[in-house]
Structure formats: structure tokens, C-alpha cells
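Numbering (the numbering used here), first residue to last: 820 to 1274. Virtual Cβ for every residue (Gly too), placed ideally from N, Cα, C. Notes for the one structure printed next.
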Ligand code: HEM
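Right, dumping it as C-alpha cells:
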């Protein structure tokens, strides 16, 4: 059977849709899906991009035909000045395999269970700080900023036994700049990143600042300041410093630096966004908040949650799952076609960039009945069983699925339950809606600001 050519979105636009893409990235893609369906191409500035928006085709790219695709794609080229060849962006498959193999044992559900106490004790500490703020009744909390620091403290304490309290805010700010600059460069790749414009210099300074943060964590360990044995087992940093691969080759300090940076970035921004959106959505949906409180009270009876409680905090988990559906923090990823392929009878030329956008996928009307409404009941076991697995991919899928998935889900549920025991975060009267900002990640524009209240 003859192969079909893909329909093209934005073809009337002189630059292949790049201006519309730059103005409103999600709107441009949603319009393309509306006009052309789940598979179409567009060519911003001549770059071949293909949006794949059906669960079957996503499974094809990420799982079934995974060998035909790699991360040598535009999106990863854009973020590589920050992430370098760390686990998130590395394109070479053999190199990725060795790196993942070294780190994977540290991310199993069993290993992650040992971090539960870090997660809850850091949250209790944060709540005490919130309580002790002067005028805490009146002043709004910058929830995104607060949770950002919490998430950085948790990941650094758990994986690297490092206390980063002081430096966390600088890292958070620097990442915010990089996210915004690279997000806009992805939408419109001009001027080149190497040009010495003021914005490019700001980006350079932000990368340097994140690098200093990571060097600080590693240097302390090499100088023997931080022990690396906060629990019975050695932490990930100790393991990475001493692990050798099957050829007996260890990780050099540069590679180690990139891995630590990738883990900090992978862990902190995504978790921060999810919890910020979760608190925001709960503040806007009192009936869901009441069900959450009922569950937390019943399961915990006021005490701090433990890892073993996760199995019974089912509604809390549904709130997290639904938040990850509506505002999927890692909302876009990309693959590069290493060779020609065929999807649903359409020719996928070698060299194409395949764009997967979970903001759109998670609103697909064939799989979600009322996609814009926050409804944790979308994740009852019955409804989950009715949907194809690849209709919901907040952590990706296939070999390159998020290594921190169990870590993240454990942290998200434990932090939410720890806060919900005694506190609510309330939307101030007349507050404008928070909009998602499609940067490299899906960030709440301007951050989420709420008032702390006792239950
Ligand atoms: C809500 C929280 C999180 C979300 C939504 C999320 C999402 C994702 C997604 C979608 C991918 C796959 C990207 C792709 O296929 O191109 C990914 C990969 C990755 N994530 Fe996460 N992530 C989260 C938390 C974490 C945490 C807590 C860590 C580390 C502790 C982490 C570290 C990584 C790393 C290192 C990769 C690259 C894995 C590989 O390619 O082998 N993430 N994440």
C-alpha cells in the first residue's frame, strides 16, 4: 500500500507556522489537532516537526519502535547547554544505557522507601517555618518558591546527603531564568545561544550559578565534610563516585557533575510544579479538598505519614494523578527519527523531530470525558483500566521513562498528606486564575500564591 504524506499545519504561514508557534505554542498545536487530527507535521523555520497525539502512536515511538528513535532532537539540543550529557538529555544510546544502569538501583520502590522520613521531616520543618512567619494570617505564601526549596532540600538530602538550605533559593532562581530563556528559544530559535546579547549573558550566569551549586555539593563530599551515610546504606553520590561499569570504567568528575545536576533539575522543578498546581486546584475545588481531608484524618489520625501509609492514601494519590494530568509538568518531549518509519500508514522521514505533548494528550476527548475539569475520580481503578496506558504519560514511557517516578510519587503524596493533616492553602478572594506557562516545563505563570489557614 502506498504511504501517505502527513497533513501540514501552518503551511500558509511564510515561516512554516513559527510565528503562531512562538505567539501561542499550545494554541497552535491544539488548532493543528483540531484541523488535522492526531498526527500532523509543521515546519517552523523549515525544521521538520511531527506532532504525535494518539496513545497507539505514542506507544509506537516510545516503546514498540523505540530503537528507531533517539534524543538527538531539537528540544534536547536546546536544553543541552544546561543538561549536557546527563541522563535526561544524553542522546548516545550506549552511553545512556551505562549511565542508567549505574543509577537505576537507587530508584527502586524499596530504595525510595528509605527516603520517606526525609520527605516528611522536611515538610514538617517547612510548616513550622510557615507558622512562625510574622503576620502569617494575612500575608500570602509564595507556594511555588517554598515548595521549590523543599523539593531541592529533599532530593539533595536523600540522594547526596547534602544540606542545601542556604543555596536552594539561588538554584531555584537560576533554573527559572534558564527555563524561561530556553523555553522562548525553543519557540523561536533566534538569536543563537552563543551571541553575547544581555539575555544570553543572563542565561550563561544562570548556568554558572547552577554549576556552582552542584560543585558545592560534590566538593563537600570529596573534602569529607558531608558523610554520605545518613542512613545505613551509602547514598547515590557515594555510589556514583565509586561505581565502575562492566568495563571497569568509573565516572569522571565532569560526568558526575552533570548527573547530579540532571537529578536536581529533574527532581525539583517537576515536583514543585505538581504540588503548586495541586494546592491551587484543591483551593478551587472544596469538594475534592473535603474528600482529601476525610481520608487524611481517617488514615493518619493526626500523625505524620509513613511510607507504609501510601497504600491507604488512595484519594491523595488520585489528586496527584489528576494534577499530573491537567498540568503535566514535563509536558513535552521529543524524539529524532534515526531512520524512515511508518506510523498509521503515514511516512515518517528519517531525521524528523517527533513532538509528544502531554498537555494536549491528557485532554484528548476520546479518552477524557470532561478534560478541562479537575476530577480526581478520573483515576479510580475502574476508569484507569478503561483507558489505554499511553493516554496518560506524565512520566514518559519505555526505556527512557522517568528514573525518579517512584521517588516523585512517594514525595508528592507524602508532602500533600503531611500538609493536609492540619493546614489548608486558601485562594484569596478575587485572585486571578493562574495560567500555565509553557516553558521547557509547564510552569504556573507568576507562581502560585495562597494564604495559609488552619483546618
Ligand atoms: C512530578 C515529578 C516528575 C515528573 C512529572 C517527571 C517527568 C519525567 C519525564 C516525562 C521524563 C521522560 C522524558 C523523555 O522521555 O524525554 C523524565 C525523565 C527523567 N527524570 Fe523525571 N519527572 C519527575 C520527577 C523526577 C525525579 C524526582 C527525579 C530524580 C530524583 C527525576 C529524574 C529524571 C531523570 C534523570 C530522567 C531521565 C531518565 C532517562 O532518560 O533515563 N524525575 N521525567
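Under a three-way DSSP split, which group does residue i fall into?
i            : result
residue 1172 : strand
residue 1035 : helix
residue 1153 : strand
residue 983  : coil
residue 954  : coil
residue 1203 : helix
residue 1178 : helix
residue 903  : coil
residue 943  : helix
residue 1193 : coil
residue 888  : strand
residue 1144 : helix
residue 1077 : helix
residue 974  : helix
residue 1134 : helix
residue 909  : coil
residue 1020 : helix
residue 837  : helix
residue 1043 : coil
residue 928  : helix
residue 1003 : helix
residue 879  : helix
residue 803  : Any answer about residue 803 is impossible in this case: the structure gives the chain only from 820 up to 1274.
residue 842  : helix
Name, in chain order, the residues that DSSP records as bridge partners for residue i.
i            : result
residue 1257 : 1261
residue 1069 : 1063
residue 1160 : 1167
residue 859  : 870
residue 1245 : 1270
residue 959  : 1270
residue 827  : 860
Residue i: which of the options sits nearest, CA to CA?
i            : options                   : result
residue 1354 : 921, 968 and 1237         : This structure gives no information on residue 1354, because the portion of the chain shown stretches from 820 to 1274.
residue 944  : 871, 1267 and 965         : 965
residue 979  : 1092, 1041 and 961        : 1041
residue 1255 : 1225, 893, 1141 and 1096  : 1096
residue 1115 : 1130, 1103, 974 and 1067  : 1130
residue 1272 : 891, 957 and 826          : 957
residue 913  : 1065, 1003, 824 and 1259  : 1065
residue 896  : 1111, 1206, 1138 and 1012 : 1012
residue 994  : 1026, 1014 and 983        : 1026
residue 846  : 1257, 1090, 906 and 1240  : 1257
residue 899  : 1084, 1189 and 1163       : 1084
residue 1111 : 1136, 1035 and 1150       : 1136
residue 1103 : 1124, 1268 and 1226       : 1268
residue 949  : 1243, 933 and 924         : 1243
residue 1219 : 923, 854 and 864          : 923
Say whether chain C places a C-beta atom closer than 8 Å to the C-beta of residue i.
i            : result
residue 1109 : Although the question refers to chain C, the structure presented lacks it and comprises just one protein chain.
Checklist line | Segments assigned beta strand (DSSP E), at least 3 residues, entirely inside the segment 1099-1124 | finding: none
Next item on the list: Evaluate contact between the segment 1248-1268 and the segment 1097-1108, counting only Cβ atoms and requiring at least three cross-stretch pairs below 8 Å.
Entry: yes
Next item on the list: Evaluate contact between the segment 1145-1154 and the segment 885-904, counting only Cβ atoms and requiring at least three cross-stretch pairs below 8 Å.
Entry: yes
Notebook entry, point to check: Three or more C-beta pairs closer than 8 Å, one from the segment 1129-1148 and one from the segment 1227-1234: is that the case here?
Noted result: yes
Check: Taking contact to mean at least 3 C-beta pairs separated by less than 8 Å, is the segment 867-881 in contact with the segment 1156-1173?
Finding: yes
Notebook entry, point to check: Quick one: any contact between the segment 981-995 and the segment 839-853, if contact means 3 or more CB pairs under 8 Å?
Noted result: no
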